[in-house]
Each structure stands twice: as structure tokens, then as C-alpha cells.
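Q: The structure is given below, and queries will be raised subsequently.
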Amino acid sequence: MSKANLIFDVMQQELQRKKVRLSRNYAQGLAALLHIDPHGKQLISLVGQGDERSNEEALFHWVYQRLEQSVGQEPLTKSSAEAFRQALVCELMDFQA
1270 MSKANLIFDV
1280 MQQELQRKKV
1290 RLSRNYAQGL
1300 AALLHIDPHG
1310 KQLISLVGQG
1320 DERSNEEALF
1330 HWVYQRLEQS
1340 VGQEPLTKSS
1350 AEAFRQALVC
1360 ELMDFQA
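For the sequence shown, the positions run 1270 to 1366 when the numbering used here is used.
Written out as C-alpha cells, the structure reads:
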């Protein structure tokens, strides 16, 4: 493996770790903001992929997917957190309708 490929791989791994950390932080923040029990299971079938074990894991996957979809768009800011909250609330309201 060339030095350039090694550097690229290391950068990709670091980017992946940052996305995971950011997704986890956003998921925990959303759970706190919306008073969602992180250990409950209510959101698994609504916003998760189905194999999660808790609301926190379901929120993590939901946020992670949204981050993946927003690659190349504007950088995340405080208003991004509000946009995530609004998107989650809208998605949950769609299930009630």
C-alpha cells in the first residue's frame, strides 16, 4: 500500500469516527430535548432499522442516515440541531396520522 493510500485510509477512518460521534451526540441531545427515554424501545419500529435495542440506538441510526444524506451540503450548526429536531418530530407525527 502506498503512503498516499495509507494516509487516505487513515483520513477516511477518522471521518467515520467523527460521524459516529456526532450522530451519537445528536441522538442523545434529541432524546433529552424531546424527553425520550433512551432505554425504551418505542422508537425502534418508527425510526430505527429494526435491529436496535433501545430508543437511543434507533435515534443514532436515524441521525446517522440523515448525516449521510447531507454529505456535501452546508456544515452543521446550531440551526442544524433544530432542523434534526423538527424532522424527527415531523416523522413521528406522520406515524400518528
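Just so you know, even glycine gets a beta-carbon here, dropped at the ideal spot from N, CA and C.
Which same chain residues end up closer than 8 Å to Ser1323 when comparing Cβ atoms and leaving out the 5 residues on each side of it in sequence?
A: Pro1307, His1308, Gly1309, Lys1310 and Ile1313
Q: For the alpha helix (DSSP H) holding Glu1325, just list the boundary residues, first then last.
A: Asn1324 to Gln1338
Q: Output the boundary residues of the alpha helix (DSSP H) element that contains Glu1306.
A: Going by the sequence as given, residue 1306 is Asp instead of Glu. Taken as a continuous stretch (DSSP letters only), Asp1306 belongs to no alpha helix (DSSP H), as it is neither H nor E.
Q: Excluding the 5 residues flanking Arg1354 on each side, which residues of the same chain have their C-beta closer than 8 Å to its C-beta?
A: Taken in chain order, the residues that qualify are Leu1299, Leu1302 and Leu1303.
Q: With the cut-off set at 8 Å, would you say Val1332 and Glu1360 are in Cβ contact?
A: no
Q: Are there 16 or more other CB atoms within 10 angstroms of the CB of Leu1336, so buried, or fewer, so exposed?
A: buried
Q: Is it the case that the Cβ atoms of Ala1352 and Phe1329 are separated by a distance below 8 Å?
A: no
Q: For Ala1273 and Gln1282, I'd like the C-alpha separation in whole angstroms.
A: 14 Å
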